[in-house]
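215 is the number that UniProt numbering gives to position 215 of the sequence shown; each next residue is one higher, with no gaps. Cβ coordinates follow ideal geometry from the N, Cα and C atoms, glycine included. Bear in mind that the values here come from a model prediction, so they are computed numbers and not experimental data. Working notes for the structure below.
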Amino acid sequence: MRFGRRMHKSFADDVVVDVSEKDGIRSLHLGSEAIQSSMRVRDPIELVLGYSRCMFAFLLFREVPKQMVVIGLGGGSIPKFVHHHMPQTRVVAVELLPQVVSIARSMFCLPPDDERLQVVVGDGAAYIANLLDPVDIIMLDAFGPTGIAEALSTEDFFGRCRDRLTPDGTLLVNLWGSDPRFQVYVDRLSRAFDGQVLCLPARQRGNITALCFKRSSHNPSWSSLKERAAILEAHFPLEFSEFVTDLTRMNEHNDRRLAI
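Written out as structure tokens, the structure reads:
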């Protein structure tokens, strides 16, 4: 296979679940050569893929969350990172395919459930619909072989996510820039979040993270964002200064402020 030495193959609800390894990077694939998740074998906590790092750009605008829900587990990169670097955060990861959960634990070093980490096997849309207590962050990273599931990309679903966020909460959505429906998804998010949406392109691959805020960020200045980035980079192994620069690429702004 072109994506590297195959280490594992199984089937989950007619989806082929593959694990490959190349140059010390282990990757998860669902039904195609497209990489769903990757892990550096020598450093399982590192966020190898650029988009997964971009999903933490919300920290430029909000404090470290207390409660987070991640829809779509993959190899578990994001929950692992939170569990390791954010001891004050409780994360629930919802994954439709039990085989993916098993592989994340056996081959991608996802730790067992504890008081700060819970993995739920089930439908992400149903989980959000039944969520009783609001959470600070919802991350949607649920790509399958054909893209984002329709149930996880409707305006109604995005609106339910907004309703289940705390007042300063944020929804992060991993999108694919070349997807023919990319602008459709962004428009739906914008309507659901009253226009409080930013797009952050990842420098690696073609992913774009949509940051959707329940409450306005009051047009932060570039100087304040750069100052915040420097503080965050002292605590987390993520390129927040690059995130600030890259926010100029797809969002309204002037030389002093970001419009959001």
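Asked                                                                                                                                                                                : Found
List, from N- to C-terminal side, the beta strand (DSSP E) runs of 3 residues or more that fit wholly inside the stretch 85-156.                                                     : 90-95, 117-121 and 135-140
Give me, in chain order, the residues of the same chain whose beta-carbon lies closer than 6 angstroms to that of A104; leave out the 5 immediate sequence neighbours on both sides. : L73, G75, G76 and L110
Please state whether DSSP places G50 in a helix, a strand or coil.                                                                                                                   : helix
So the candidates are V82, M39, S52 and D43; which of them puts its Cα closest to the Cα of L117?                                                                                    : V82
Could you check what DSSP says for Q183 in three-state terms: helix, strand or coil?                                                                                                 : helix
Going by DSSP, what residues sit across from H218 in a beta bridge?                                                                                                                  : For H218, which the question treats as bridged, DSSP gives no partner whatsoever.
Assign D114 to one of two classes, buried (16 or more other C-beta atoms within 10 Å of its C-beta) or exposed (fewer than that).                                                    : exposed
Where do the ends of the beta strand (DSSP E) carrying V69 lie?                                                                                                                      : Q67 to I71
Note down the Cα distance separating E239 from V94, rounded to an integer number of angstroms.                                                                                       : 27 angstroms
Look up P44 in the DSSP assignment and say whether it is helix, strand or coil.                                                                                                      : coil
Tell me L247's beta-bridge partners as DSSP assigns them.                                                                                                                            : According to DSSP, L247 bridges with nothing at all.
Which residue or residues does DSSP assign as beta-bridge partners of N174?                                                                                                          : T209
Between A259 and the rest of its own chain, which residues show a CB-CB distance below 6 angstroms, the 5 nearest in sequence each way excluded?                                     : N219, E252 and H253
Use the C-beta contact count for H29: other C-beta atoms within 10 angstroms, 16 or more gives buried, fewer gives exposed.                                                          : buried
Hey, would you say I35 sits closer than 9 angstroms to M55, going by beta carbons?                                                                                                   : no
Smallest Cα separation from P134: which of F182, Q67 and L232?                                                                                                                       : Q67
Between D246 and D18, what straight-line distance do the alpha-carbon atoms span, to the nearest angstrom?                                                                           : 32 angstroms
Leaving out five residues before and five after Q107 in sequence, what residues of the same chain have Cβ atoms less than 6 angstroms from its Cβ?                                   : It is Met, not Gln, that sits at residue 107 in the sequence shown. These residues qualify, in order along the chain: V19.
Can you list, in chain order, the residues of its chain with a C-beta nearer than 7 angstroms to that of A129? Leave out the 5 residues immediately preceding and following it.      : R160
Decide if D255 is buried, meaning its Cβ has at least 16 other Cβ atoms within 10 Å, or exposed.                                                                                     : exposed
So, F143 versus R188, is the Cβ gap smaller than 9 angstroms?                                                                                                                        : no
On the DSSP bridge list, what partners appear for V26?                                                                                                                               : One point to set straight first is that residue 26 is Arg, not Val, in the sequence displayed. In the DSSP output, where bridge partners are listed per residue, R26 has E21 and M39.
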